[in-house]
Structure formats: C-alpha cells, structure tokens
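First the structure, in the form of structure tokens, and then the observations on it.
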Amino acid sequence: MNILEAIEKRRSIRAFKPDPIPKEILEKILTNALRSPSYTNSQPWEVIVVTGEKKEELSKELLRMAEKEEPIQPDIPKPSFWPTNIKERIEEHFRRRHKILGIEENDKERKKELRLLNFKFFGAPAVIFLFQDKSLPLWSIFDMGAFAMAIMLSALEFGLYTCPQGSVTDYSPTVKRILGIPEEKRLILGISIGYPDWGAKINEYLSSRVKLEEIVKWIGF
Numbered sequence: 000m001n002i003l004e005a006i007e008k009r010r011s012i013r014a015f016k017p018d019p020i021p022k023e024i025l026e027k028i029l030t031n032a033l034r035s036p037s038y039t040n041s042q043p044w045e046v047i048v049v050t051g052e053k054k055e056e057l058s059k060e061l062l063r064m065a066e067k068e069e070p071i072q073p074d075i076p077k078p079s080f081w082p083t084n085i086k087e088r089i090e091e092h093f094r095r096r097h098k099i100l101g102i103e104e105n106d107k108e109r110k111k112e113l114r115l116l117n118f119k120f121f122g123a124p125a126v127i128f129l130f131q132d133k134s135l136p137l138w139s140i141f142d143m144g145a146f147a148m149a150i151m152l153s154a155l156e157f158g159l160y161t162c163p164q165g166s167v168t169d170y171s172p173t174v175k176r177i178l179g180i181p182e183e184k185r186l187i188l189g190i191s192i193g194y195p196d197w198g199a200k201i202n203e204y205l206s207s208r209v210k211l212e213e214i215v216k217w218i219g220f
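For the sequence shown, position 19 (counting from the first letter as 1) is numbered 18 according to numbering that gives the first Met the number 0, and the numbering increases by one without interruption.
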C-alpha cells in the first residue's frame, strides 16, 4: 500500500471487533509516527496507550458522566461558532450518518445513544491518547495533528483502522485522573484503534469531501 492509497483508504470506524492488538504492532505504528514533522523539531507529543481493565474503568466513568450530561471540561475549548459553509458540512455529516442508521431527525433518544458510543470507544480494544504540556503555544497543536494523522495512516499497514475522537476530551480532568496524568498536561485527542467490524451498519457510512475547486486557488499557473 502506497501513501496515496492509504490516505484514500483511511476512514473513521465506529464499530470495532474486540480482538486484542499485539503490543509489538502498536509499537511499530507509534515508532513510524515519530517521523512526523514538528515546529523546530520540538516533537511536543506525549502518548498514553490504554487497553484492558483500565480502558474499561475509564469508559465506564466517561459514560456515566456523559449520560448525566455533566458539564464538559475540555482542555481546548469547543467551538461556539462555525462559518456558514463549514456549519453546512457538519450538519450534512450528521444527517447522512443518521439516515444510514434509520434515525429520524426528531429522535433525540437514538441520537443520544449514538453519541454515547463515543465513550465506549466504539468497542475498540485499545485507545491512544495524545497529550502535550499546557505551557506550549497553540501552534504546537498543529504538530499534534500531523502526528495523529501519521498514526492513523500507519495503522492501515497492519489492517487496523481508527477513529479520532474529540468527544473523549470533554471530560479531560477525569481522563487524566484515571490514567495518572498530571494536570499540567493538555489532552488533545483520543484515537480508538482496532480491527473494523464491517458487518456493523454504522461502518457503511463514509463522510463526503468538498470539491478541490471549492478550497484551492491557483496562482501563476
């Protein structure tokens, strides 16, 4: 698989098989991702890989908090405003996903059930959490994005798929408490990783992409 094929193949999976991932494979994926670029070679990423009982403990507590709709405390504030064109993309994304699952627009209960699956990590056997020190400038978050993408693409080489999850950062203090992470660290992202359950209806969904001409301006060609 070349890099173009990997980028084309990558998709977010929201139903995983429970099959465990050998630690050696996860090590290879993360070692490869270490080649990601970063500003002044700062390499700001700090990684926690969680599986087994500790993952289940974390999932149980996050699910409890989400079900009770406790106030969120992300280290990076959630957007309160989206430009119109981007808001339309987001709304289309949810409409199409709900349609595949047969969820009606006014069915708040099923929508909530779908959202809560985030806190079960969609059944993934392992979760990769990305942290960085809070003292770092926001510019370093760009580096974290490059590192996260390298993880997701490298995983495909081993038949593994991923789902980057911003939702699990909603309760950052809880994640850090259970995983033993100091408060001075900033939780950037959770990445669920595992072998996809292709029989699950939700995995039929593939998000759309805008056309190239909508986002690219050519100068001097």
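We put the beta carbon where it would ideally sit given N, CA and C, even for glycine.
Check whether residue i and residue j have beta carbons under 8 Å apart
i	j	result
I187	F130	yes
P43	L135	yes
I24	F157	yes
I177	E56	yes
L62	K119	yes
I192	A123	yes
R13	N202	yes
Boundaries of the beta strand (DSSP E) in which residue i is found, first to last residue
i	result
S191	K184 to G193
E45	E45 to T50
Nonlocal neighbours in the same chain, by C-beta distance under 8 Å from residue i, ignoring five residues either side
i	result
R114	A65 and S166
R95	Y204, S206 and S207
I140	I75, Q131 and I187
T50	P19, I20, P124, A125 and V126
Enclosing alpha helix (DSSP H) for residue i [first to last residue]
i	result
E68	Taken as a continuous stretch (DSSP letters only), E68 belongs to no alpha helix (DSSP H), as it is neither H nor E.
N31	K22 to A32
N84	T83 to I99
F4	At residue 4 the sequence reads Glu, which differs from the Phe that was named. First-last of the alpha helix (DSSP H) with E4: I2 to K8.
L113	K107 to L115
Own chain residues within Cβ distance below 6 Å of residue i, not counting five before or after
i	result
Y194	K16 and D18
Close Cβ partners of residue i (< 7 Å) along its chain, the five nearest in sequence each way excluded
i	result
V48	L25, A125 and I127
Do the region 172-183 and the region 200-208 touch if we need at least three Cβ pairs shorter than 8 Å? Flag = no, the region 172-183 and the region 200-208 do not touch.
Counting only runs of 4+ residues fully inside the region 133-213, write out the alpha helix (DSSP H) ranges in chain order. Fully enclosed alpha helix (DSSP H) runs of 4 or longer: 138-155 and 171-178.
Is there contact here, the region 146-154 with the region 26-42, by at least three beta-carbon pairs under 8 Å? Yes: at least three Cβ pairs fall under 8 Å.
Counting pairs of beta carbons, one from the region 73-90 and one from the region 167-175, are three or more of them closer than 8 Å? They touch, by the three-pair rule.
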